[in-house]
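Only one structure is covered here, and it is reproduced in the block below.
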Amino acid sequence: MAGCVAPRAVLLAAVLGGTLGCTSSCTCRGGRTDCTNKGLYFIPRDMEGDSHTVLLGYNHIGAITGLCLQRYRRMEHLDLRSNRISTIHSRAFRYQQNLTYLDLSANQLATIPAELFRPLANLLTLDLGNNRISELPGSALDSSLALDTLYLHNNALTGLAGPLLGNLGNLRHLRLDGNPWACTCQIQTLLNWIKQNPERLEERDRTLCGFPGYLDQYPLLGIQGDSFRQCQNLLSLSAQLYFLCIGLTLCIGSIGLCFAIGSLVVTCQHFQHWRKARPHMYRKSIVTRRDAIIYGHQLPECRT
Ligand SMILES: *[C@@H]1O[C@H](CO)[C@@H](O)[C@H](O)[C@H]1NC(C)=O
Numbered sequence: 566m567a568g569c570v571a572p573r574a575v576l577l578a579a580v581l582g583g584t585l586g587c588t589s590s591c592t593c594r595g596g597r598t599d600c601t602n603k604g605l606y607f608i609p610r611d612m613e614g615d616s617h618t619v620l621l622g623y624n625h626i627g628a629i630t631g632l633c634l635q636r637y638r639r640m641e642h643l644d645l646r647s648n649r650i651s652t653i654h655s656r657a658f659r660y661q662q663n664l665t666y667l668d669l670s671a672n673q674l675a676t677i678p679a680e681l682f683r684p685l686a687n688l689l690t691l692d693l694g695n696n697r698i699s700e701l702p703g704s705a706l707d708s709s710l711a712l713d714t715l716y717l718h719n720n721a722l723t724g725l726a727g728p729l730l731g732n733l734g735n736l737r738h739l740r741l742d743g744n745p746w747a748c749t750c751q752i753q754t755l756l757n758w759i760k761q762n763p764e765r766l767e768e769r770d771r772t773l774c775g776f777p778g779y780l781d782q783y784p785l786l787g788i789q790g791d792s793f794r795q796c797q798n799l800l801s802l803s804a805q806l807y808f809l810c811i812g813l814t815l816c817i818g819s820i821g822l823c824f825a826i827g828s829l830v831v832t833c834q835h836f837q838h839w840r841k842a843r844p845h846m847y848r849k850s851i852v853t854r855r856d857a858i859i860y861g862h863q864l865p866e867c868r869t
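Residue numbers for the sequence shown follow the numbering used here, so the first one is 566 and each next one is one higher.
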């Protein structure tokens, strides 16, 4: 089994001269493994395999690889808050079908793999607050339909993909504050959801726009519905296609017209040139010959 042990952590474990599992660092009782604030740099491999609650908060864990959690299949509650996690393998949670509570808050996550939460069909609480997430894939929570609590506060999100919240019919607690929401046409779907379910949004007064400039720090819920009237015009697909067709027709038509006019002008010029050129040459040759006759000295002299 490839471990979750970073080289530095191996050294640390060697120096300590023991395992960092339950026997030394963690406290284990009744399926509950508590490794909170133990200076861990990795997820221990020797925790009790049948733990249903694993507390790993306030450590220095930097990554969750694909195999870190494979032994802990009975896990229902996993707390990884306040670590330094910046990377998570997209299949890190594939054996945690029974996980209902997942706390990844206060880490250094910037991206979330789209498939990461797919095995977590029983997830009720997901805390991703206080990270650096700038985008959450629209399908990230497609399988977690039971989700009751979703915390996304204090990240770098400017928008949420349309389908993300639409599928979560059981969502009761949502935090979106502390993100620089872009209050443009693209926020409409999210705003509609919030307006239809205002009681589900926590920290409403601190959920603010960060963009465009004139709406900076303006509460999301303060935006009037009719602010997006222009967007509706923009969003109408048939209207777009209609104008696209007209535009293309005009474009092709004008190019054709240019060609026609151009060809006509060139043809006219050719014709005029042809008509002028022939008499001119003829006249010129006559003049030259007459000149030659008049000013005979210009002809070669004949010698007898
Ligand atoms: C998941 O939970 C169900 C129902 O409580 C249980 O029967 C099953 O054994 C659990 N799965 C694992 C891998 O522990």
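Every residue gets a Cβ at the ideal spot worked out from N, C-alpha and C, and that includes glycine.
Predicted model, so just to flag it, every value in this text is computed and none were measured.
Next item on the list: Quick one: using the 10 Å Cβ neighbour count with 16 as the cut-off for buried, is Leu634 buried or exposed?
Entry: Buried, because 16 or more other Cβ atoms sit within 10 Å of the Cβ of Leu634.
Notebook entry, point to check: What residue does the beta strand (DSSP E) around Thr754 start on, and which one ends it?
Noted result: No beta strand (DSSP E) contains Thr754, which is instead part of the alpha helix (DSSP H) from 753–761.
Item checked: Identity of the residues DSSP links to Phe776 by a beta bridge -> Bridge partners of Phe776: Ala747.
Note to self: The beta strand (DSSP E) that contains Leu620, what's its start and end?
What the structure shows: Going by DSSP, Leu620 is part of the beta strand (DSSP E) stretching over 618–620.
Next item on the list: Indicate the three-state DSSP secondary structure (helix, strand or coil) for Pro784 in the structure shown.
Entry: Pro784 falls in the strand class under three-state DSSP.
Next item on the list: Measure the C-alpha to C-alpha separation of Phe658 and Leu669 and round it to an integer number of angstroms.
Entry: The alpha-carbon atoms of Phe658 and Leu669 are separated by roughly 13 Å.
Notebook entry, point to check: According to DSSP, is Arg697 helix, strand or coil?
Noted result: The three-state secondary structure of Arg697, taken from DSSP, is coil.
Margin query: Taking the beta strand (DSSP E) that Leu730 belongs to, which residues open and close that run?
Written below: It is not in any beta strand (DSSP E) - Leu730 instead sits in the alpha helix (DSSP H) that spans 728–731.
Next item on the list: Closer than 5 Å is what we want: which residues have a beta carbon that near any heavy atom of ligand 1? List them in chain order.
Entry: Here the list is Arg638, Arg639, Asn663.
Notebook entry, point to check: Quick one: what's Ala628 bridged to in DSSP?
Noted result: Bridge partners of Ala628: Thr652.
Check: Helix, strand or coil: which one does DSSP assign to Cys600?
Finding: Three-state DSSP puts Cys600 in coil, outside helix and strand.
Check: Residue range of the beta strand (DSSP E) that Cys593 falls in?
Finding: DSSP places Cys593 in the uninterrupted beta strand (DSSP E) bounded by 592–594.
Next item on the list: Helix, strand or coil for His738, going by three-state DSSP, please let me know.
Entry: Strand, per DSSP.
Check: Given Ile629, which residues of its chain have a CB within under 6 Å of its CB, disregarding the five upstream and five downstream residues?
Finding: Same-chain partners within the cutoff: Ile653, Ala657.
Next item on the list: Could you name the residues that DSSP lists as bridge partners for Glu613?
Entry: Beta-bridge pairing links Glu613 to no other residue.
Check: Taking DSSP as the reference, what is the three-state secondary structure of Arg794?
Finding: DSSP places Arg794 in helix when its eight states are reduced to three.
Checklist line | Among Ser590, Leu806, Ile626, nearest to Met612 - alpha-carbon criterion | finding: Ranked by Cα distance from Met612, the options Ser590, Leu806, Ile626 are led by Ser590.
Next item on the list: If I'm right that Arg740 touches Tyr716 with Cβ under 8 Å, what's the distance once you round it to whole angstroms?
Entry: 5 Å between Cβ atoms; contact.
Item checked: Residues of its chain near Thr714, where Cβ-Cβ distance is below 6 Å and the 5 sequence neighbours each way are ignored -> Correct list, in chain order: Thr690, His738.
Notebook entry, point to check: So what's Glu680 in DSSP terms, helix, strand or just coil?
Noted result: Glu680 falls in the coil class under three-state DSSP.
Check: Should the segment 758–778 be regarded as contacting the segment 822–830, the criterion being three or more beta carbon pairs within less than 8 Å?
Finding: Short answer: they don't touch.
Notebook entry, point to check: Excluding five sequence neighbours on each side, which residues of the same chain lie with their C-beta closer than 8 Å to the C-beta of Leu722?
Noted result: The answer, listed in chain order, is Ile698, Ser699, Glu700, Leu701, Leu741, Asn744, Pro745, Trp746.
Next item on the list: In angstroms with no decimal places, state the Cα-to-Cα distance between Thr588 and Arg639.
Entry: A caution first: Thr588 carries a pLDDT of 48, below 50, which makes its placement in the model too unreliable to give a value.
Notebook entry, point to check: Where does the unbroken beta strand (DSSP E) through Leu689 begin, and where does it stop?
Noted result: Leu689 -> no beta strand (DSSP E), and no H or E assigned at all.
Next item on the list: With distances taken Cα to Cα, identify the nearest neighbour of Ser647 among Thr665, Thr814, Gly694.
Entry: The closest CA to that of Ser647, considering only Thr665, Thr814, Gly694, is found on Gly694.
Notebook entry, point to check: What three-state label does DSSP hand Tyr623 in the structure shown?
Noted result: Here DSSP, grouped into helix, strand and coil, assigns Tyr623 to coil.
Checklist line | Beta-carbon spacing of Asn732, Leu706 below 8 Å | finding: The answer is yes: Cβ separation under 8 Å.
Margin query: Taking the beta carbon of Asn735 as the centre, do at least 16 other beta carbons fall within 10 Å, making it buried, or is it exposed?
Written below: Result: exposed.
Next item on the list: Could you pull the start and end residues of the beta strand (DSSP E) that His642 belongs to?
Entry: Counting along the chain, the beta strand (DSSP E) containing His642 begins and ends at 642–644.
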